[in-house]
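Here the structure is laid out as structure tokens; the discussion comes afterwards.
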Amino acid sequence: MAIPVTAGPSEPAARLIGAGSRRLTALRRFTQAVRANRKATIGVVLMAIFIFVSLFPGLLAHQSPTAYSSDITAAPSAAHWLGTDNIGADIYAQVIDGTRNVMILAIAVGALTTAVAMVIGVAAAYLGGVWESVLSFVTDVLLVIPIFPLLIIVATYVPNAGNIVLILVLSFTGWSYTARQLRSQAQSLRNRDFLLAARVRGERAFYVIMVEIIPTMTSLLLASFLNNALYAVLAGSGLQFIGIGKSDNVSWGTTLYWANQNAAWTTGRYLWFIVPGLCIALLGVAFAFINYAFDEIGNPALRPLSAAKVRKAAEAHTGRRASDGSRAS
Amino acid sequence: MRFVIRRAGFFVLTLWACLSLNFFLPRLMPGSPADRIIAHLHGAVSQATVRAIELSLGINNDQGIWSQYISYLGHTAVGNLGFSYSQGEPVSQVIAGGLPWTLGLVGITTILAFVLGTAIGAVAAWRRGSRFDGVMPPLFVFTTAIPFFWVGMVLILIFSVYLGWLPAGGNTSQLAVPSFSAGYVGDVLVHAVLPSLTLLITGIGGWVLTMRNNMVTTLTEDYVRMARAKGLSPARVMIDYGARNAILPNLTGFAMSLGFVVSGAVLVEYVFNYQGVGYYLLNAVGYDDYPLMQGLFLIITVAVLAAILLSDVATAILDPRTRTAG
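So the sequence lines, in the order shown, correspond to chains A and B.
Using our numbering, the final residue of the first sequence is 331, and nothing's skipped along the way.
Using our numbering, the final residue of the second sequence is 385, and nothing's skipped along the way.
Here it is, written out as structure tokens:
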């Protein structure tokens with residue numbers, strides 16, 4: 003994982019060691035790209051924090067997130083930084099310990115949806131014929147059917163859905179948009195020479211798809227992973243918030259569910275819902291910022307311009323226009 | 060014309076897929092819906108009652124599954140969606156009660172978000188490199204990543220609890236009598252402000268960002284430079300040459316955004332106790348009221364398909380290429 007390298011002091015060290023190693027050079031280039039783009043910096047730093055918390059929750063919170071106590075809906079204090087919930091459990095511990103579940107959900111759904119989309123999208127484009135029609139139809143139907151109500155209905159048929167059920171349901175319903183993007187990408191490649199060559203060599207379809215087609219889509223796959231991870235965080239928390247899924251699952255959505263059930267805003271326990279909600283928002287922002295930053299790195303046209311650059315570009319533009327004009331006359 | 064027929068065919072097939080999901084999902088999932096309903100009745104239930112409940116759910120074990128399926132499709136085609144026992148009235152009546160509220164809330168908010176978001180995106184791309192363009196895109200990346208329900212809760216905290224300006228929930232005041240008087244209409248509007256603001260805040264970002272990115276690409280086209288060279292006013296170049304062409308992918312993206320808006324509506328109606336389709340859906344979930352759940356899912360799908368059809372028509376009017384491409 004290259005991410006912790008960006009956290010300041012270790013970066014020059016990486017530069018020193020990296021002098022001879024090609025892998026570290028790539029790492030350094032990545033680090034420079036991240037540092038040059040403000041959105042990427044914010045996204046990567048936030049993500050590093052969440053990954054750290056989800057790996058080592060024990061370093062930050064020492065109380066149980068689910069233990070009953072007589073101290074119910076207590077105000078924030080030194081013992082309970084964010085107060086306690088309706089059963090007297092520590093909310094700060096819930097936020098810290100819940101990070102891991104949310105991260106697992108995000109990463110698993112991001113990876114699974116991307117994998118399913120890859121198989122279905124590329125297969126549709128590569129196989130053609132009836133397969134293409136059928137797979138495209140399924141993709142398009144799933145794309146227009148309102149997924150969230152469907153999720154709610156599916157989840158109610160599985161009472162007490164834990165994290166795994168949530169992951170499966172979100173992955174099963176969330177792959178269609180990516181599949182469509184990958185399909186059109188693969189379609190545009192279909193008649194390229196390198197694929198024709200592979201076919202003439204007599205390679206099997208599986209080999210062609212895995213070795214020749216998929217590697218051309220890395221950036222699209224990465225974007226879809228980040229997008230779908232964001233989708234998983236929002237949809238998963240939404241489902242937990244309306245009380246679908248296990249109510250004792252330690253997760254930000256579940257904490258928000260109990261805050262809402264106990265009308266936390268009328269009793270003055272604002273932090274009970276502000277903090278977990280803010281965590282969802284910040285994790286979402288981390289995924290979204292990293293995604294937009296990759297977009298900008300890959301497509302310079304989208305980068306924000308500094309005022310100085312704009313002026314220079316405008317001067318160049320008018321200058322060129324003037325010379326164009328003189329040539330025309 | 061071929062384009063219209065193909066789209067219509069796709070919508071009919073999608074509707075059929077949705078009905079089949081409705082029919083087969085409960086039968087594929089572990090545990091029978093009838094058992095769960097019976098569990099809600101607490102206590103001894105006669106064989107006849109069990110059978111009546113199963114029949115009301117369209118489960119008839121004397122018939123094969125396919126003939127049940129055919130009769131389900133037939134009932135739905137004539138608008139017979141079954142009886143909602145949690146609300147004590149036919150499903151179609153519950154839907155008729157909730158749908159106008161949701162359509163009003165979601166419809167107006169979506170149009171507002173589209174118009175405002177597209178305008179902001181266009182201006183940001185036009186004034187590329189300005190302070191406006193420096194602040195807006197990151198701000199809207201942030202708003203697209205915050206959860207709907209949380210925005211709703213924070214707005215309630217600020218405007219209802221802290222400032223006391225707006226009601227925290229409900230469609231109208233509790234004793235309000237429906238009429239076309241200014242007082243009643245005002246009451247409805249006041250109750251709709253916070254739910255729509257919630258949807259607007261979380262929904263607008265997508266439009267801004269896609270519009271900005273499309274517009275940045277469009278503005279580099281030769282016809283835009285040509286329009287500038289002709290000395291047309293900047294507003295005319297921005298709107299007629301830039302925005303009109305950049306807006307097309309946004310219209311196609313409408314279909315994608317609708318699913319997002321519907322999920323937002325469900326959560327927002329839940330937070331604000333706004334008695335629309337989403338509110339009844341979650342209520343039905345709470346009571347295991349399967350006929351109501353299925354009916355609502357169907358009507359939400361129909362509404363989304365209708366809106367997509369409208370956006371298709373709008374695209375066809377604005378972009379002649381789609382008409383010929385078929």
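Don't be surprised by glycine CBs; every beta carbon is placed ideally from N, CA and C.
Discussion item. Let me check understanding here. Comparing Cα to Cα, which of A:110, A:116, A:219 and A:292 lies closest to residue 167 (chain A)?
Written reply: A:110
Practice prompt. Starting from residue 196 (chain B), follow its DSSP beta bridges and name the residues at the other end.
Written response: In the DSSP output, where bridge partners are listed per residue, residue 196 (chain B) has none listed.
Worksheet item: With residue 182 (chain A) and residue 123 (chain A) assumed to form a contact (beta carbons below 8 Å), what rounded beta-carbon distance in angstroms separates them?
Response: 7 Å
Worksheet item: According to DSSP, is residue 58 (chain A) helix, strand or coil?
Response: coil
Worksheet item: Distance, Cα to Cα, residue 366 (chain B) vs residue 293 (chain A)?
Response: 29 Å
Worksheet item: Just checking my contact of residue 143 (chain A) with residue 76 (chain B) at CB under 8 Å: how many whole Å lie between their CB atoms?
Response: 5 Å
Worksheet entry | Contacting residues, own chain, Cβ-Cβ under 6 Å from residue 100 (chain A) (five flanking each side not counted) | 252, 253 and 254
Item to complete: Measure how close the beta-carbons of residue 256 (chain B) and residue 214 (chain B) come, nearest whole angstrom, since I'm counting them as under 8 Å.
Response: 6 Å
Discussion item. Quick check on residue 159 (chain B): does DSSP put it in helix, strand or coil?
Written reply: helix
Item to complete: Say whether chain B places a C-beta atom closer than 9 Å to the C-beta of residue 287 (chain A).
Response: yes
Item to complete: List the residues of chain A whose Cβ lies closer than 7 Å to the Cβ of residue 76 (chain B), in chain order.
Response: 143
Discussion item. Our contact map puts residue 70 (chain B) next to residue 364 (chain B) with C-beta atoms below 8 Å; I'd like the distance itself, whole angstroms only.
Written reply: 5 Å
Worksheet item: Helix or strand or just coil, what does DSSP make of residue 253 (chain A)?
Response: coil
Discussion item. I need the DSSP call for residue 14 (chain A), collapsed to helix, strand or coil.
Written reply: In this prediction, residue 14 (chain A) scores a pLDDT of 44, lower than 50, which makes its location untrustworthy; no coordinate-derived value is stated.
Practice prompt. Measure the C-alpha to C-alpha separation of residue 16 (chain A) and residue 347 (chain B) and round it to an integer number of angstroms.
Written response: Because residue 16 (chain A) carries a pLDDT of 44, less than 50, the predicted location of this residue cannot be relied on, and no value is offered for it.
Item to complete: Could you tell me which chain A residues have their CB closer than 8 Å to the CB of residue 200 (chain B), listed as they occur along the chain?
Response: 41, 287, 290, 291 and 294
Worksheet item: Between the stretch 110 to 136 of chain A and chain C, which residues of the former have a C-beta closer than 7 Å to a C-beta of the latter?
Response: Reference to chain C is not applicable here, since the protein chains of this structure are A and B.
Worksheet item: With distances taken between CB atoms, is the gap from residue 319 (chain B) to residue 253 (chain B) smaller than 9 Å?
Response: no
Worksheet entry | Interface residues of chain A facing residue 212 (chain B) [CB-CB closer than 9 Å] | 258, 261, 262, 266, 267, 275, 276 and 279
Worksheet item: Are the C-beta of residue 158 (chain A) and some C-beta of chain B separated by less than 9 Å?
Response: yes
Worksheet item: Is any beta-carbon of chain A found at less than 9 Å from that of residue 372 (chain B)?
Response: no
Worksheet item: Any idea if residue 260 (chain B) is buried or exposed, counting beta-carbon neighbours within 10 angstroms, 16 or more meaning buried?
Response: buried
Fill in: Every unbroken alpha helix (DSSP H) inside the stretch 204 to 278 of chain B [4 residues or more]
207 to 214 and 241 to 277
Worksheet item: How close, in whole Å, do the beta carbons of residue 119 (chain A) and residue 177 (chain A) come, if the pair is a contact with beta carbons under 8 Å?
Response: 4 Å
Worksheet item: Which chain B residues are close to residue 283 (chain A), counting only those with a beta carbon under 8 Å from its beta carbon?
Response: 201, 204, 205, 206 and 209
Worksheet item: Does the beta carbon of residue 322 (chain B) come closer than 9 Å to any beta carbon on chain A?
Response: yes
Worksheet entry | Residue environment, residue 61 (chain A), which counts as buried when at least 16 other CB atoms sit within 10 Å | exposed
Worksheet item: Grouping DSSP H, G and I as helix and E and B as strand, with all else coil, what is residue 217 (chain A)?
Response: helix
Fill in: Under 9 Å between C-beta atoms of residue 84 (chain B) and residue 132 (chain B)
no
Practice prompt. Would you mind stating whether residue 207 (chain B) and residue 258 (chain A) have Cβ atoms separated by less than 9 Å?
Written response: no
Item to complete: Please report how far the alpha carbon of residue 55 (chain A) lies from the alpha carbon of residue 104 (chain A), in whole angstroms.
Response: 11 Å
Worksheet item: So is residue 335 (chain A) in contact with chain B if we call contact Cβ pairs under 9 Å?
Response: Look at the range of chain A in this structure, 3 to 331, and you will see that residue 335 (chain A) is not part of it.
Worksheet item: When DSSP builds the beta bridges, which residues end up paired with residue 149 (chain B)?
Response: B:142
Worksheet item: Do the CB positions of residue 271 (chain A) and residue 130 (chain A) come within less than 9 Å of each other?
Response: no
Item to complete: Please classify residue 348 (chain B): does DSSP put it in a helix, a strand, or coil?
Response: coil
Worksheet item: Based on the DSSP secondary-structure assignment, which residues constitute the bridge partners of residue 86 (chain A)?
Response: A:92
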